[in-house]
Each structure stands twice: as structure tokens, then as C-alpha cells.
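For reference, the structure discussed in these notes is given below.
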Amino acid sequence: MPTVTVLLPVYNGEAYLEKSIQSVLSQSYQDLEILILNDGSTDGSLEIADKFSLIDKRIKIINFSNHIGLAGALNHGVRQARGLFLARIDSDDEWLDHDKIKKQAEFLANNPDYGLVGVKALLTSEKGEAAGKIEFSENDGDIRKKILIKNQFLHSGIMMEKEAAVKCGLYDEKEKYVEDYGLWLRLGQFYKFKNLPFFGLKYRLNPRGVTAVKNRKQVVNSFKLVIRFRRQYPNFFMACLKWILRCAQAFLASLFRMKD
Numbered sequence: 378m379p380t381v382t383v384l385l386p387v388y389n390g391e392a393y394l395e396k397s398i399q400s401v402l403s404q405s406y407q408d409l410e411i412l413i414l415n416d417g418s419t420d421g422s423l424e425i426a427d428k429f430s431l432i433d434k435r436i437k438i439i440n441f442s443n444h445i446g447l448a449g450a451l452n453h454g455v456r457q458a459r460g461l462f463l464a465r466i467d468s469d470d471e472w473l474d475h476d477k478i479k480k481q482a483e484f485l486a487n488n489p490d491y492g493l494v495g496v497k498a499l500l501t502s503e504k505g506e507a508a509g510k511i512e513f514s515e516n517d518g519d520i521r522k523k524i525l526i527k528n529q530f531l532h533s534g535i536m537m538e539k540e541a542a543v544k545c546g547l548y549d550e551k552e553k554y555v556e557d558y559g560l561w562l563r564l565g566q567f568y569k570f571k572n573l574p575f576f577g578l579k580y581r582l583n584p585r586g587v588t589a590v591k592n593r594k595q596v597v598n599s600f601k602l603v604i605r606f607r608r609q610y611p612n613f614f615m616a617c618l619k620w621i622l623r624c625a626q627a628f629l630a631s632l633f634r635m636k637d
């Protein structure tokens, strides 16, 4: 059985899927399986995945005939996963550090009281141009102080224990656009958090994929999670102020786009 299962969901992601898969295959850590979750793609994503599955037998394709959404696809993948640890990557992102999986798996194996570990990220534009970086708090205590104010993990950069994810109910399909944030907040009730101090992810900004409606729903649903977990994490009032401001900005942006 593999130690790590990589979950790679794709929905019409042919533009960058090949680079994403190659970044996984270039990892120095070899004891893994790769589940490509084709969520009803209508472009060439499935053909690209098929090509790689013929090259590397660690790749398994789970094909959904209809688009069921990110949370549903991921939950199916988690249930099929054979690894002790789960790593995530989106079809338009890439892993940078060739030892990313090795470092995260070793950390979780040596620290069983931790359930979730992330990394730093470099931002890139659709064309691959440098667009900044994201550095989160590293230690559990600091992460907890900030996690209601702002999500402290990028989904494509995390690794978590499968057992922990199952214990916390997997991804909630009702938490649309914030299914990762909700799972982290539930995990933190039972396990510690960690962000390792290296840049392990190239996170691609995709402005065309962020519609006004999606952005508004994401902000509102995030605020709902913050309210729900107000007793489990500190700095709720500061978080409220931040999320109220973000909600106002999202609604104004949506309003102006409607006028345009």
C-alpha cells in the first residue's frame, strides 16, 4: 500500500493539466498513488490523463460521467485512497520543491498530533509570469490566532492524514467554494496545524474563473464558517470586522459588474 495518495481533481483543465501531473511525477518521494478525478470534463482533460496513466502505473483515473462538483469528487477520491496521508493539487497548479511530499509525509509521520500541514506558495499569472508570493503563519498557535481572519492554507499545498479527514466528516458538499476552509476548521478541533517553511507550490491566478457571483458566495460562506467556529478559535471579533468588509466589497463589486 502507498503511504501517500495524491488527489488531483480536474474539470475542463486541459490548459495546465499536463504541467500539474508532471510536477507530481517529478517528486523524489515515490511511495504514492495518484488519483486523477475527472469531474465530467468536456475538453481534452481525460485524454491527457489517459496518456500519463499509460506511462506511470501509479496513476489511476476516476471518471465521473457528470459534473458533480469539487467536494463530491474529492470525497469519492478520499474513500478510494489507499494512502495513510492525502496530498492535494489542482489541475492548474504545480508543485515546486521536488521534496515537497517527502518533507510533509515525514513531518506527519513524526508528529501524530498534527493533522494538517501546508507550505508557502509562489503566485503566477495565467501566462506563467511571477505575481508575488504567499507566506502563512507556521506554528500551530499562530495559525489558530489567524485562521478565522484568513484561511491559513492553500488547498493545492496541503497534506493531511486520511484518518483525520474521515474523522472530521470529509469535505462538506454544502460548503460550496469553501469546502477546504470548513474541513480545516473541523480538523483543528482534534489536531494541530503546521505550515512548513519552504515554497512548495506554484499557485496560478485565474481571474477568468472568479466570477462576481462565485466571489460573493465564497466570501459569504466563509463568513458563515467563521460564525460557526467562533467558540473554537480566537479573535472572532477581529475576524468579523474583516469578513464584513470583504462581504461589502464583494457585493459592491457584483453590483458594479451588473451595471456594466
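In our numbering, the protein residues as written are 378 to 637.
Positions of the beta carbon are idealized from the N, C-alpha and C atoms, including for glycine.
Closer than 7 Å: residue i CB and nearest the ligand GTP heavy atom
i	result
Gln-626	As for the ligand GTP, it is missing from this structure, which has no ligand bound.
Of the residues the options, the one placed nearest residue i, counting alpha carbons only
i	options	result
Val-383	Gln-404, Asn-389 and Ala-392	Gln-404
Phe-530	Arg-623, Phe-576, Leu-461 and Glu-550	Phe-576
Gln-595	Gln-407, Val-455, Gly-421 and Gln-626	Gln-626
Tyr-568	Gln-481, Ile-439 and Tyr-491	Tyr-491
Glu-503	Asn-612, Lys-396 and Phe-614	Lys-396
Gly-546	Gly-559, Ile-436 and Ala-507	Gly-559
Ser-468	Pro-386, Leu-412 and Gly-421	Pro-386
His-532	Ile-398, Lys-523, Ile-425 and Tyr-548	Tyr-548
Val-655	Gly-446, Ser-442, Gln-399 and Phe-570	Shown here, the chain extends from 378 to 637; a query on residue 655 therefore has no answer.
Lys-437	His-444, Asn-443 and Ala-426	Ala-426
Val-401	Tyr-610, Lys-539, Phe-570 and Trp-472	Trp-472
Gln-481	Asp-517, Asn-452, Tyr-406 and Asn-443	Tyr-406
Ile-432	Asn-592, Leu-451, Asn-443 and Ile-411	Ile-411
Pro-611	Ile-526, Asp-474, Tyr-393 and Asp-470	Ile-526
Straight-line gap, residue i to residue j (C-alpha atoms, nearest Å)
i	j	result
Leu-423	Asn-415	7 Å
Glu-391	Leu-562	32 Å
Leu-461	Thr-380	5 Å
Lys-428	Val-597	40 Å
Ala-458	Ile-439	11 Å
Met-536	Asp-420	29 Å
Leu-500	Ile-413	23 Å
Met-357	Ala-448	The structure shown has nothing for residue 357, since the chain only spans 378 to 637.
Phe-600	Ala-486	33 Å
Arg-608	Leu-409	37 Å
Glu-515	Lys-522	11 Å
Phe-441	Gly-505	30 Å
Asp-476	Gly-518	26 Å
His-444	Asn-389	10 Å
Ile-621	Ser-430	46 Å
Met-378	Arg-435	11 Å
For residue i, the three-state DSSP class (helix, strand or coil)
i	result
Asp-416	strand
Asn-583	coil
Gly-577	strand
Tyr-554	coil
Gly-446	coil
Ile-411	strand
Met-615	helix
Ile-535	coil
Beta-carbon separation (whole angstroms), residue i vs residue j, contact threshold 8 Å
i	j	result
Ala-542	Val-455	6 Å
Leu-582	Ala-508	6 Å
Gly-495	Phe-513	7 Å
Ile-511	Tyr-580	7 Å
Leu-493	Leu-564	5 Å
**Message:** List, from N- to C-terminal side, the beta strand (DSSP E) runs of 3 residues or more that fit wholly inside the segment 499 to 526.
**Reply:** 507 to 511
**Asked** Which runs of the beta strand (DSSP E), 3 residues or longer, sit entirely within the segment 451 to 480?
**Response** 462 to 465
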